[in-house]
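One structure is given below, encoded as structure tokens.
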Amino acid sequence: MKNCLKCGEEIAENSLFCTFCGAKQVVEESEETVVSETIEEVAESSVQEETTETTETEEVDKSVEKQAVSAEKTLEQTIVQPTLEQQPTVSATSTISQESKLPKWNWGAAGLGWIWGVGNNVPIMLLGLLPFGNIVMMIVGGIKGYEWLLERNKHKYSTVDEMLKDQKTWNTMGIVFFVLNVLYLIFIIVLVFIYIAIIIAVIREGNFNDYDYNGFDDY
Numbered sequence: 001m002k003n004c005l006k007c008g009e010e011i012a013e014n015s016l017f018c019t020f021c022g023a024k025q026v027v028e029e030s031e032e033t034v035v036s037e038t039i040e041e042v043a044e045s046s047v048q049e050e051t052t053e054t055t056e057t058e059e060v061d062k063s064v065e066k067q068a069v070s071a072e073k074t075l076e077q078t079i080v081q082p083t084l085e086q087q088p089t090v091s092a093t094s095t096i097s098q099e100s101k102l103p104k105w106n107w108g109a110a111g112l113g114w115i116w117g118v119g120n121n122v123p124i125m126l127l128g129l130l131p132f133g134n135i136v137m138m139i140v141g142g143i144k145g146y147e148w149l150l151e152r153n154k155h156k157y158s159t160v161d162e163m164l165k166d167q168k169t170w171n172t173m174g175i176v177f178f179v180l181n182v183l184y185l186i187f188i189i190v191l192v193f194i195y196i197a198i199i200i201a202v203i204r205e206g207n208f209n210d211y212d213y214n215g216f217d218d219y
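Quick look at the structure:
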């Protein structure tokens, strides 16, 4: 049983209208329904807000984590690998330093000529195969040999010290052949002078005999 909302008389619980005054009995239920719906909406809104806040917090955490990882990778790359602006400066300094260490004379090129050029990938030394070219290229190779060698073998030698270590055998052989070539040249020069001296002596002796022979004809 319940009381009528208008006259206050008792009526059945499920009655929609009062049997005494005929008033409609749905206001209380409507208010309860509105209140209930309002409570549900507020609850749903709170849940959505909490969910949204949780999602935003997770996104912020992920963003911060990504930024931290990115910063760490950038720092590692900066430490391990120099920037593009730094590389040319280091390379230029290294090149200047390497060129300053180059010896002034290459005994391998000076002593072995075109043979040294073939063995060390310096094809310009093959000009020594031309007539009288060997002597010229031995002198030029002695002066420019290390410069040509470093230019043609950048992929083979990382430092000047490594190149000089590899050239020790060539230099030793070059010195030996250079000395032999000098001795051979001196020997040839001496032979030429001896030959010239003999020719001059023969000519003089021939002139003397002719002079004596012509003198005896007068008697």
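If you're matching positions, the sequence shown starts at 1 in UniProt numbering and goes up one per residue. Ideal Cβ positions, reconstructed from N, Cα and C, are used throughout, including at glycine. None of these values were measured; they are calculated from a predicted model.
Let me know the secondary structure DSSP gives residue i once reduced to three states.
| i | result |
| --- | --- |
| N3 | strand |
| F187 | helix |
| F132 | coil |
| E205 | helix |
| E13 | coil |
| Y146 | helix |
| residue 223 | Because the chain in this structure spans residues 1 to 219, residue 223 falls outside the shown range and cannot be described. |
| V122 | coil |
| Y195 | helix |
| K104 | coil |
| K73 | helix |
| N181 | helix |
| residue 220 | Nothing about residue 220 can be read from this structure; the chain reaches only from 1 to 219. |
| G141 | helix |
| Q87 | With a pLDDT of 48 at Q87, under the threshold of 50, the modelled position of that residue is not reliable, and the figure given next carries that caveat. It is helical. |
| E59 | helix |
| G8 | coil |
If we count the other Cβ atoms within 10 Å of its Cβ and call it buried at 16 or more, is residue i buried or exposed?
| i | result |
| --- | --- |
| V190 | exposed |
| I198 | exposed |
| residue 220 | Because residue 220 is not part of the residues shown, which for the chain are 1 to 219, the question remains open. |
| residue 229 | Residue 229 falls outside the range modelled here, since the chain spans only 1 to 219, and no answer is possible. |
| Y146 | buried |
| V90 | Residue confidence is low: V90 scores 40 on pLDDT, short of 50, so the model does not pin down where it sits. No coordinate-derived value is stated. |
| G203 | Correcting the residue type first, residue 203 is Ile in the shown sequence and not Gly. The residue is exposed, with fewer than 16 neighbouring Cβ atoms inside 10 Å. |
| G142 | buried |
| F17 | exposed |
| F20 | exposed |
| G22 | exposed |
| C7 | exposed |
| W105 | exposed |
Tell me the residue span of the alpha helix (DSSP H) that contains residue i.
| i | result |
| --- | --- |
| A23 | From DSSP, A23 is part of no alpha helix (DSSP H); its letter is neither H nor E. |
| residue 225 | Nothing about residue 225 can be read from this structure; the chain reaches only from 1 to 219. |
| M163 | V160 to D166 |
Touch test, the stretch 64–74 against the stretch 105–115, Cβ-Cβ under 8 Å, three pairs minimum:
no
Would the stretch 114–131 and the stretch 145–160 be scored as touching if the rule is three or more Cβ pairs under 8 Å?
yes
Stretch-stretch touch, CB-based, cutoff 8 Å, three pairs: the stretch 132–140 with the stretch 158–173
no
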